[in-house]
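Enquirer: Take -19 as the starting number for the sequence shown in our numbering and just add one per residue. By construction, the Cβ of each residue, glycine as well, lies at the ideal position given by its N, Cα and C atoms. Here it is: the structure, laid out below.
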Amino acid sequence: MRPVDFTRFWDLTTATAASAARPNFGNVHFKRTKTPEQPLELYEFEVCPYCRIAREALSALSLDPIIYPCPKGSGRFREKVKQEGGRYQFPYLVDPNTGVSMYESADIADYLFRQYGDGQTPWFLRQRGFAVSTSMLASGFRPQRGRRAVPSREPEKLLELYSYEGSPFCRIAREALCELELPHQLRNVPRRSPDRDAFVSISGKMQVPYLLDPNTGAQMFESEAIRRYLYETYATNGH
Ligand SMILES: N[C@@H](CCC(=O)N[C@@H](CS)C(=O)NCC(=O)O)C(=O)O
């Protein structure tokens, strides 16, 4: 009999509890009326409850932003936000298609549904008090993950992660990308997403998270394998 891996058990329990605090929000596709020609850019960090609201909106619209992780204590991308927006505050969205950039998770959600959806922000993002309090609850289940930067080397090319917001397994993979400040293209494939068929033709099956690293040629499923791979490949302090 294999020994019980308590760390893994704890990760899955708390990540599932975090997902349950925002049940299914961002996991199901909402009508997308336009696809951005150039990818949107989101500066954020995983544990930030406001960032989750922005990520849920992107996930619900099956949009594929470039994520620039800005965990506490990081230097790689935080400065750009200060320079462009004027302050360190996350999330920060940049839309190179329209020249718009903004702080404030509620404004970001409304903007995305106006620009790329049918103009109707779903209730779970629109009800501000509810959205923020439940998103804080979700973060509270894993308060230390996806929060602080871990020394790492910067990859030359963007990694790619197929994901959707409410999957506890995807959260574990996103936390590692965040902690290591690894910029990546997040490919959102929620249920009923029109982009799922293209994903399956690349990966062979519908399962997320799925990581592609063009820097090494690595491709993999499984949150724990992804986390281990990212730390072994990019952490520089022996984590
Ligand atoms: N009202 C803002 C609040 C954003 C906010 O307070 N973000 C925190 C992180 S959760 C922040 O940027 N803190 C500064 C920092 O992390 O350096 C929103 O909804 O976007």
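Under the rule that 16 or more other beta-carbon atoms within 10 Å means buried, what is Gly53, buried or exposed?
Expert: Classification for Gly53: exposed.
Enquirer: For the candidate residues Glu21, Phe5, Ile152, Arg35, whose alpha-carbon lies nearest to that of Pro123?
Expert: Nearest of Glu21, Phe5, Ile152, Arg35 to Pro123, Cα basis: Ile152.
Enquirer: So, at 6 Å on beta carbons, what are the nonlocal neighbours of Val27 in its own chain, with the 5 sequence-adjacent residues on each side left out?
Expert: Contacts found: Ser119, Gly126, Arg127.
Enquirer: If you check the beta carbons only, do Gly146 and Phe5 fall under 8 Å apart?
Expert: Yes, the pair counts as a contact, with Cβ atoms nearer than the cut-off.
Enquirer: Taking the alpha-carbon of Leu22 as reference, which of Gly99, Pro51, Ser132, Tyr214 has the nearest alpha-carbon?
Expert: Measuring from the Cα of Leu22, the nearest candidate turns out to be Pro51.
Enquirer: Quick one: what's Met82 bridged to in DSSP?
Expert: Partner(s): Leu73.
Enquirer: Within the continuous beta strand (DSSP E) that includes Leu22, where are the two ends?
Expert: It spans 21 to 24 - the beta strand (DSSP E) in which Leu22 sits, taken as one unbroken run.
Enquirer: Taking 5 Å as the limit, name every residue whose beta carbon sits nearer than that to some heavy atom of ligand 1, in sequence order.
Expert: The answer, residue by residue, is Cys28, Tyr30, Tyr68, Gln69, Phe70, Glu84, Ser85.
Enquirer: Excluding five sequence neighbours on each side, which residues of the same chain lie with their C-beta closer than 6 Å to the C-beta of Arg154?
Expert: The residues are Glu26.
Enquirer: Does DSSP classify Gln165 as helix, strand or coil?
Expert: Strand.
Enquirer: Quick check on Pro189: buried or exposed, where buried means 16 or more other Cβ atoms within 10 Å of its Cβ?
Expert: Pro189 is buried by the Cβ-count criterion.
Enquirer: Tell me whether Gly97 is buried or exposed, calling it buried when 16 or more other Cβ atoms sit within 10 Å of its Cβ.
Expert: Under this definition Gly97 is a buried residue.
Enquirer: Would you mind working out which of Cys31, Leu162, Arg133, Leu160 sits nearest Ser113, comparing C-alpha positions?
Expert: Minimum Cα distance to Ser113 is reached at Cys31.
Enquirer: Going by beta carbon distance, what residues of the same chain come within less than 6 Å of Tyr48, once the five residues before and after it are set aside?
Expert: Only Tyr23, Phe57, Pro163 meet the Cβ criterion.
Enquirer: Have a look at Gln95, Asn168, Asn217, Leu73 and flag the residue whose alpha-carbon is nearest the alpha-carbon of Tyr83.
Expert: The residue with the shortest Cα to Cα distance from Tyr83 is Leu73.
Enquirer: Mind checking whether Thr216 and Ser132 have CB atoms under 8 Å apart?
Expert: Closer than 8 Å, so yes.
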